[in-house]
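Report on the structure given below.
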């Protein structure tokens, strides 16, 4: 009996799937290598390094920039201004939606040395941030009906709420959480569709317009795969929405030319944006030791 | 053990008792509620394919009813998807060649046809994978024929005390009295009215899974939200002999329309009995029902990016 239970436990453990765990930042994640920087303290005139590991959980190549910087002025040495490196990473490998392997790269900065530290300066902050450009694509089948009251011989509700499994969504730090659709009856051979979109951002990280522009602007494009029509959205300026909160709502409407009484077409939403993550998060002060304070030369 | 045996015997008797008693058909028809069935041919289309792949699409049609559909009168169409996205035609395709109906004691199986729609190809952007449902419908004219032996009697005859050849009471539809078709005459009863008339109460219903439309309408009209309204559920009924007069909406005649869209509908008709007859007699009433019928099928597709 004892062996049987042991066997069952082993069997269940074997059923638990792959051990690769997806990041909770929905894209590229950043980790600092232990001791780089040394969070237990930095000594004046002693070199220190900064090293970070990037992991790309996206299923596509990623281009971006990784930078390190400190909170002290350049007159004290350390990291002068901002030290950046461009990067390109391979995509993660997914098989039937399951993450199989993640692309990983290590980036080293330094060595850096603090000098001429003034009396009373007790700590510094050293951060590494990664900014990358990405795209989040959302696709959902929507039944389009010329007359919303027309009863079809198949399930076709033009007025519906799509969420969760109703949509196919890229793994990305910003996505569409919910789509509410409403079709107005046909007029002048066109149907107006009203979409209420709820965009959702991961808790960690910030949306940026691109690598050189930190404005929290996200490009939004809404269209049907095969049904002609252009959507315009309240809340969009030049195609961008300000994404400072975790949830942002957009109302879009478009005049569509339907080719049949009722049919299903794919609603395709594309979000174009840059995303920035900072490590450590939250910021962590590092004690600095002046040579005079510790009696060194 | 003995009790167990008794219990088993009891169960066997019970099961035997549950078996439906079959009545030998005495009408001229096979009977039943089937019309033409439509189904996608196995593997046409395959259910999972890649963007850009060319996938053949075909449907199989089988006439399970008893009416023969002449060549070019039935139409098939693919729908439920955006046709352009798949490179498919949105129009109805006429079926060439007749779809022969089954005939009692002669042709127990109806005719079959395969209709090819060519190949579909999905060339648009696919995000991961795309699930779509491809549907196909057949729109065809059909006819239900019923032959009912009615009892032609009257109060004059019955009160004269002459011999009764037949009885007025009871359900007049016998097994095989109505042809195999999706719209059925589900009930036919009689009663005496006035001095020299009998009244028939008939009930008609769509007994299959598809939708009924007016036989005069075009298949394209039934797909349109506005034009379909005047056609939906309408069946045309013709009765013979011609002196069977029915209360159709707007007119009393031996021919007219009834709407079965929202469920079974009753029709009341009268027939004047030959006053010269000195006893009741059997009069065969033929009921022809004409309509168009739409049945459909579907297949779930997964398009891989």
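Residue numbers (this note's numbering), protein chains in the order written: chain V, 215 to 511; chain F, 100 to 404. For glycine and all other residues, C-beta sits at the position ideal for the given N, C-alpha and C.
Range of the contiguous beta strand (DSSP E) that encloses residue i
i                     : result
residue 274 (chain F) : Careful: residue 274 (chain F) lies outside any beta strand (DSSP E) and carries neither H nor E.
residue 211 (chain F) : 211 to 219
residue 265 (chain V) : 262 to 270
residue 465 (chain V) : 461 to 470
residue 354 (chain F) : 354 to 358
residue 258 (chain F) : Residue 258 (chain F) -> not in any beta strand (DSSP E); alpha helix (DSSP H) instead, spanning 254 to 258.
residue 310 (chain F) : 310 to 312
residue 457 (chain V) : It is not in any beta strand (DSSP E) - residue 457 (chain V) carries neither H nor E in the DSSP assignment.
residue 499 (chain V) : 499 to 503
residue 302 (chain V) : 296 to 303
residue 155 (chain F) : 154 to 162
residue 168 (chain F) : No beta strand (DSSP E) holds residue 168 (chain F); DSSP gives it neither H nor E.
residue 392 (chain V) : 388 to 397
residue 245 (chain V) : 242 to 246
residue 412 (chain V) : 405 to 415
residue 339 (chain F) : 333 to 339
residue 307 (chain V) : 307 to 309
C-beta contact flag for residue i and residue j at 7 Å
i                     : j                     : result
residue 464 (chain V) : residue 449 (chain V) : yes
residue 253 (chain F) : residue 372 (chain F) : yes
residue 280 (chain F) : residue 134 (chain F) : yes
residue 337 (chain V) : residue 501 (chain V) : yes
residue 317 (chain V) : residue 277 (chain V) : no
residue 278 (chain F) : residue 244 (chain F) : yes
residue 157 (chain V) : residue 453 (chain V) : Past the edges of chain V, shown from 215 to 511, lies residue 157 (chain V), and the structure says nothing about it.
residue 438 (chain V) : residue 481 (chain V) : yes
residue 330 (chain F) : residue 316 (chain F) : yes
residue 491 (chain V) : residue 350 (chain V) : no
residue 401 (chain F) : residue 150 (chain F) : no
residue 377 (chain V) : residue 392 (chain V) : yes
residue 203 (chain F) : residue 148 (chain F) : no
residue 498 (chain V) : residue 245 (chain V) : no
residue 386 (chain F) : residue 223 (chain F) : no
Contacts that residue i makes with chain V (C-beta to C-beta distance below 7 Å)
i                     : result
residue 180 (chain F) : 477, 478
residue 227 (chain F) : 382
Bridge partner(s) assigned by DSSP for residue i
i                     : result
residue 344 (chain V) : V:280, V:491
residue 231 (chain F) : F:400
residue 290 (chain F) : F:298
residue 328 (chain V) : V:291
residue 486 (chain V) : V:349, V:433
residue 237 (chain F) : F:175, F:394
residue 193 (chain F) : F:174
residue 443 (chain V) : V:470
residue 265 (chain F) : None, per the DSSP bridge assignment.
residue 140 (chain F) : F:143
residue 319 (chain V) : V:268
Start-to-end residues for the alpha helix (DSSP H) that takes in residue i
i                     : result
residue 318 (chain F) : 318 to 321
residue 184 (chain F) : 182 to 185
Under 8 Å from the C-beta of residue i: neighbouring residues of chain F
i                     : result
residue 368 (chain V) : 179, 232, 234, 395, 397
residue 474 (chain V) : 178, 181, 182, 189, 322
residue 482 (chain V) : 224, 226
residue 355 (chain V) : 229, 230, 231
Under 7 Å from the C-beta of residue i: neighbouring residues of chain F
i                     : result
residue 261 (chain V) : Residues of chain F passing the Cβ test: none, with the nearest at roughly 47 Å.
residue 360 (chain V) : 324
For residue j and residue i, believed in contact at Cβ under 8 Å, the rounded distance
i                     : j                     : result
residue 336 (chain F) : residue 240 (chain F) : Rounded, the Cβ-Cβ distance is 15 Å, inconsistent with contact.
residue 488 (chain V) : residue 346 (chain V) : 7 Å
residue 321 (chain V) : residue 268 (chain V) : 7 Å
residue 194 (chain F) : residue 175 (chain F) : 6 Å
residue 381 (chain V) : residue 354 (chain V) : 4 Å
residue 469 (chain V) : residue 406 (chain V) : 5 Å
residue 266 (chain V) : residue 247 (chain V) : 7 Å
residue 154 (chain F) : residue 218 (chain F) : 6 Å
residue 320 (chain F) : residue 136 (chain F) : That pair is no contact at about 23 Å.
residue 264 (chain F) : residue 291 (chain F) : Going by Cβ atoms, the distance from residue 264 (chain F) to residue 291 (chain F) rounds to 15 Å, so no, they are not a contact pair.
residue 200 (chain F) : residue 164 (chain F) : 6 Å
beta-carbon residue i near the ligand SAH non-hydrogen atom, thresh 6 Å
i                     : result
residue 237 (chain F) : Questions concerning the ligand SAH fall outside what the structure shown contains, since it holds no ligand whatsoever.
Contact list for residue i against chain F, beta-carbon separation under 9 Å
i                     : result
residue 406 (chain V) : Those do not exist, as residue 406 (chain V) stays about 16 Å from chain F at its closest Cβ, beyond 9 Å.
residue 458 (chain V) : Chain F residues near residue 458 (chain V): none, gap ~27 Å exceeds 9 Å.
residue 490 (chain V) : Chain F residues near residue 490 (chain V): none, gap ~25 Å exceeds 9 Å.
9 Å Cβ cut-off: residues of chain V touching residue i
i                     : result
residue 310 (chain F) : 367
Within-7 Å CB hit, residue i to chain A
i                     : result
residue 364 (chain V) : The structure shown has no chain A; the protein chains it does contain are V and F.
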